[in-house]
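**Q** Numbering (this note's numbering), first residue to last: 656 to 1430.
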DNA sequence: GGTGTGTAGGTTTTT
DNA sequence: CCTACACACC
């Protein structure tokens, strides 16, 4: 029990009190993961079987890492048996083994958001509705929140509040769409993300024996990030915990940032009402960040009204103040960040992986990527499209899906004419219409196309028959061959490989390589030892839960030394020595949508709180006064959040030019030296490749030059510094005037040690530094 | 039925 | 700016 000594008092109590309901309110950086890890280890140490432990985490990655840490304490074989993962993946697993009870095949398909929206779009059109009024994404959100609140289509249509809302927003048909959508999913043997929770609830509600079984099984339940659970998740947990009430939830209301996904902060606020004899432990000591960071974050979150009282403090060093940076364009902002990273790496011996650049929206990554590339700083983007959502990958996966679950209508529609085989839109429209009108699965129609009175030409019928026969031939082999052999056969027989190979463009090559990458990983999967002697790794097992993987779950992303770029949402639970929060601008952060309502604004503020508290040593906040949006330059104002942090924790010394006319924004310390318009640009940048993971093609091919916005970077040129000698006086755009102390290195590694009057000693690589010789 | 071109519309955040 | 879809042509 050595591990108990590594805990402070409240942490230790949260670990040792393993009986009955426990709520742990864990401030940012207070060792929440450590508590969860040790609590599980402690349970096992005290004799609990790992099979009886259910631990729900927010990402698969978090589950994996926690398992690893537990394994180090109690042994890997024990840790392996714990039921641990996201709500979605754990309950998908349970649903597969109980699927028949609710009328689903065990091989049910999981529709990702794209599949759902395509289906919705089809239904909207079919109903003769305007898809500009009934926007698929909006309809999808509405249905999603209905499901997360456990409203069936019938309940939805009977709910007066909802129907009134829909009527007022001129969308009275939403309930009807939901009803049809739900039917189609069922017919296709498919569940969307929300169904994985919804159907779990149905299963547990309608099958007391099943409920009983899992209540007994999951004798100990732990839920991480409890503040971000929704109603559907809450009911599942409540049902499963009802018998033993050995439930431990861990969370921080100040970090609740997923209400758009149905997360309900009340779940954590009301926990005590559900379990009156709850023991509550507060973790308030922050071990992660410096005093300045903790205090700055506290001063911000104070502005929120609705929260549980907590005093987060730290005994860490005071550290640097949060540094404010101002740029004139998004590109310049990127360059400032890149240069700052470059400098910190030099002066503090930091690794690339010590840095994270966090932003509000994925679209902001581009300027950051460009600047990283220009300074040759390796980086890794998380978020955006995951590998498995790429078109070519989804196409091939659709074949796999169809082979595994022939009722999967979306898969059929996606690939029946890809690669093109003469089954065109008109024919498919007729077939789909016929199938929907008669409530028959698409596969049933096409596999018996001769027997149904669908008006299509005989040539097309023959093509369809060939297609069906091809799929059937795959179905025969799929259980005999391993996933890789089956996958390889399908990829080549269908003509996908050939089709992609024949495209010799850069993008086409990338797509081909992505397919090869998928096949490689299937090979790896197929070569893993199987539990059962002589069994093969099946295609179905490879593909079924792929939609639940995010790109954080992909292999080979973590162990290399790269700067991390991600949205703030994706950064939840992570920590980095150096954090840059970029795009601190009104209408971006807080987002345009959120500035209307108070609760939304409070959520944005919590999001900012999350961003700041990711930082261990230093936190940089940057904004730009203009930004490209859809190719147009738009003006932007500094975020109101910047003024909500107590100024005594902020270093705005580089903000001289910033106060010029941003009325809403004036820092007392605005001072010396720094002119944003003279930020050096990386003229000598080299062509870069290989900065992204080898698994992936860069998403964009072109590196945009900084001069594209016409300002900041274009007209500053450094002097020729090849003859620079110690003793010479120079001027640097950012650091001001200084004297060269020493020249070191040769060629592109030539470096000058310069004592700047204001900025102190710096080492600058001459190949990047724009220096003007002044004496 | 296949292929190419024009244009409308899209950015919160994610399992 | 980029993508997805509608329409016109072959």
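All residues carry an ideal CB built from backbone N, CA and C; glycine is no exception.
Computed from a prediction, not measured in an experiment: that's the story for all the values here.
(1) Report the start-end ranges of each beta strand (DSSP E) in the region 676–726 that is 3 residues or longer and not cut off at the edges.
(2) What does the Cβ neighbour count give for residue 788, buried or exposed, with the cut at 16 atoms within 10 Å?
(3) So which of 1021, 829 and 741 has the shortest CA-CA distance to residue 790?
(4) Quick check: the Cα distance between residue 760 and residue 937, rounded to an integer number of angstroms?
(5) Hey, residue 1116 and residue 1105: beta-carbon distance below 8 Å or not?
(6) For residue 697, count neighbouring Cβ atoms within 10 angstroms of its own Cβ and tell me buried if that reaches 16, exposed if not.
(7) Between residue 847 and residue 766, is the Cβ-Cβ spacing less than 8 Å?
(8) Between the region 1041–1058 and the region 1188–1205, can you find at least three pairs of beta-carbon atoms closer than 8 Å?
(9) From which residue to which residue does the beta strand (DSSP E) around residue 999 run?
(10) Would you call residue 706 buried or exposed, if buried means 16 or more other Cβ atoms sit within 10 Å of its Cβ?
(11) Is residue 812 helix, strand or coil when you go by DSSP?
(12) Is residue 816 buried or exposed, if buried means 16 or more other CB atoms sit within 10 Å of its CB?
(13) Evaluate contact between the region 1245–1263 and the region 1036–1052, counting only Cβ atoms and requiring at least three cross-stretch pairs below 8 Å.
(14) So residue 905 and residue 756 are in contact, right, with Cβ under 8 Å, and what is the actual spacing, rounded?
(15) Give me the Cα-Cα distance between residue 1313 and residue 1200, rounded to the nearest whole angstrom.
(16) Which word fits residue 1352, buried or exposed, when buried means at least 16 other C-beta atoms lie within 10 angstroms of its C-beta?
(17) Ordered along the chain, which non-local residues of its own chain (more than five positions away) have a Cβ less than 6 Å from that of residue 725?
(18) Given residue 1221, which residues of its chain have a CB within under 6 Å of its CB, disregarding the five upstream and five downstream residues?
(19) Scan the region 862–948 and note each continuous alpha helix (DSSP H) run of 4 residues or more that stays entirely inside, going in chain order.
(20) So residue 1270 and residue 1226 are supposed to be a Cβ contact under 8 Å. How far apart are they, rounded?
(21) Whose CA, out of 825, 1216, 1020 and 884, lies closest to the CA of residue 793?
(22) Taking buried to mean at least 16 other C-beta atoms within 10 Å of its own C-beta, is residue 1432 buried or exposed?
(23) In angstroms with no decimal places, state the Cα-to-Cα distance between residue 1252 and residue 701.
(24) Using the beta-carbon count (16 or more within 10 Å), is residue 837 buried or exposed?
(25) Rounded to whole angstroms, how far is the Cβ of residue 1013 from the Cβ of residue 745, which I believe are closer than 8 Å?
(26) My output table needs one value for residue 1083: the three-state DSSP class, helix, strand or coil.
(27) I need the straight-line Cα distance from residue 898 to residue 807, nearest angstrom please.
(28) Under the assumption that residue 1240 contacts residue 1293 (Cβ atoms under 8 Å), give the Cβ distance between them as a whole number of angstroms.
(29) Please list, in chain order, all residues of the same chain as residue 1215 whose beta carbon is under 7 Å from its beta carbon, the five residues on each side excluded.
(30) Between residue 1188 and residue 1170, what straight-line distance do the alpha-carbon atoms span, to the nearest angstrom?
(31) Can you check which of these residues, 1139, 1103, 1159 and 1247, is closest to residue 1173 by C-alpha distance?
(32) Helix, strand or coil for residue 666, going by three-state DSSP, please let me know.
(33) Count the other CB atoms within 10 Å of the CB of residue 1284; is the residue buried (16 or more) or exposed (fewer)?
(34) Go ahead and label residue 648 buried or exposed: buried means 16 or more other beta carbons lie within 10 angstroms of its beta carbon, across all protein chains shown.
(35) Looking at the strands, I want to know which residues DSSP matches up with residue 1235.
(36) Using the beta-carbon count (16 or more within 10 Å), is residue 1093 buried or exposed?
**A** Once the coordinates are examined:
(1) Given a length threshold of 3 residues, each whole run of the beta strand (DSSP E) inside the region 676–726 is given here in chain order: 677–681 and 708–712.
(2) Here residue 788 refers to the residue found at position 133 of the first chain. The residue in question, residue 788, is exposed, as its Cβ has fewer than 16 Cβ neighbours within 10 Å.
(3) By one-based count along the first chain, residue 790 stands at place 135. Ranking 1021, 829 and 741 by Cα distance to residue 790 puts 829 first.
(4) In the first chain, residue 760 corresponds to position 105, counting from 1. In the first chain, residue 937 corresponds to position 282, counting from 1. So the alpha carbons of these two residues sit roughly 44 Å apart.
(5) Start at 1 with the first residue of the first chain, and residue 1116 comes out as number 461. Start at 1 with the first residue of the first chain, and residue 1105 comes out as number 450. Yes, they are a contact pair.
(6) In the first chain, the residue the question calls residue 697 occupies position 42. Burial call: buried.
(7) Working through the first chain from its first residue, we reach residue 847 at position 192. Working through the first chain from its first residue, we reach residue 766 at position 111. Cβ atoms of residue 847 and residue 766: closer than 8 Å.
(8) The region 1188–1205, when compared against the region 1041–1058, does touch it at the 8 Å Cβ threshold.
(9) The residue you call residue 999 lines up with position 344 of the first chain. Element bounds for residue 999: not the beta strand (DSSP E) but the alpha helix (DSSP H), 985–1003.
(10) Along the first chain, one-based indexing puts residue 706 at 51. With fewer than 16 Cβ atoms within 10 Å of its Cβ, residue 706 is classed as exposed.
(11) Locating residue 812 in the first chain gives position 157, counting from the first residue. Under the three-state reduction of DSSP output, residue 812 falls in the helix class.
(12) Along the first chain, read from residue 1 onward, the residue named residue 816 stands at position 161. Residue environment analysis places residue 816 among the exposed positions, since fewer than 16 neighbouring C-beta atoms fall within 10 angstroms of its C-beta.
(13) Contact fails between the region 1245–1263 and the region 1036–1052, because fewer than three Cβ pairs, one in each stretch, are under 8 Å apart.
(14) As a working mapping, residue 905 is identified with position 250 in the first chain. As a working mapping, residue 756 is identified with position 101 in the first chain. In fact, because the Cβ distance is near 32 Å, the residues do not count as touching under 8 Å.
(15) Stepping through the first chain from its first residue, residue 1313 is reached at position 658. Stepping through the first chain from its first residue, residue 1200 is reached at position 545. Since pLDDT at residue 1313 reaches only 41, below the 50 mark, its modelled position is unreliable, and the value read off the structure follows with that caveat. Distance between the alpha carbons of residue 1313 and residue 1200 is about 50 Å.
(16) Numbered from 1 along the first chain, position 697 holds the residue referred to as residue 1352. With a pLDDT of 30 at residue 1352, under the threshold of 50, the predicted position of this residue should be treated as unreliable, and no value is reported.
(17) One-based indexing of the first chain puts residue 725 at position 70. Around residue 725: 692, 695, 696 and 734.
(18) Taking the first residue of the first chain as 1, we reach residue 1221 at position 566. Excluding sequence neighbours, residue 1221 sits near 1037 and 1038.
(19) Segments of the alpha helix (DSSP H) lying fully in the region 862–948: 863–872, 886–896, 921–924 and 926–929.
(20) For the purposes of this step, residue 1270 is taken as residue 615 along the first chain, with counting starting at 1. For the purposes of this step, residue 1226 is taken as residue 571 along the first chain, with counting starting at 1. Not confirmed; about 10 Å, so no contact.
(21) Numbered from its first residue, the first chain carries residue 793 at position 138. The option with the nearest alpha carbon to residue 793 is 825.
(22) Since the first and last residues shown for the chain are 656 and 1430, residue 1432 lies out of range.
(23) Stepping through the first chain from its first residue, residue 1252 is reached at position 597. Stepping through the first chain from its first residue, residue 701 is reached at position 46. Computed Cα separation, rounded: 49 Å.
(24) For the purposes of this step, residue 837 is identified with residue 182 of the first chain, where counting begins at 1. Burial of residue 837 is indicated by the presence of at least 16 other C-beta atoms within 10 angstroms of its C-beta.
(25) Along the first chain, read from residue 1 onward, the residue named residue 1013 stands at position 358. Along the first chain, read from residue 1 onward, the residue named residue 745 stands at position 90. Not really, about 28 Å apart at Cβ, beyond 8 Å.
(26) Numbered from its first residue, the first chain carries residue 1083 at position 428. Residue 1083 falls in the helix class under three-state DSSP.
(27) Residue mapping note: residue 898 aligns to position 243 of the first chain, counting from 1. Residue mapping note: residue 807 aligns to position 152 of the first chain, counting from 1. The straight-line gap separating the alpha-carbon atoms of residue 898 and residue 807 is approximately 27 Å.
(28) Taking the first residue of the first chain as position 1, residue 1240 is located at position 585. Taking the first residue of the first chain as position 1, residue 1293 is located at position 638. Contact flag correct, Cβ pair sits at about 6 Å.
(29) Taking the first residue of the first chain as 1, we reach residue 1215 at position 560. Closer than 7 Å at Cβ, skipping near neighbours: no residue.
(30) Here the question's residue 1188 lines up with position 533 in the first chain. Here the question's residue 1170 lines up with position 515 in the first chain. Going by the C-alpha atoms only, they are around 30 Å apart.
(31) What you label residue 1173 is simply residue 518 of the first chain in a count that begins at 1. Of the candidates 1139, 1103, 1159 and 1247, the one whose C-alpha sits nearest the C-alpha of residue 1173 is 1139.
(32) Taking the first chain and counting its residues from 1, the one referred to as residue 666 is at position 11. Correct three-state label for residue 666: helix.
(33) In the first chain, the residue the question calls residue 1284 occupies position 629. Taking all protein chains shown into account, residue 1284 has fewer than 16 neighbouring C-beta atoms within 10 Å of its C-beta and is therefore exposed.
(34) The requested residue 648 does not occur in the structure, where the chain is confined to residues 656 to 1430.
(35) Start at 1 with the first residue of the first chain, and residue 1235 comes out as number 580. Assignment of beta-bridge partners to residue 1235 by DSSP yields 1012 and 1275.
(36) The residue given as residue 1093 occupies position 438 in the first chain. Under this definition residue 1093 is an exposed residue.
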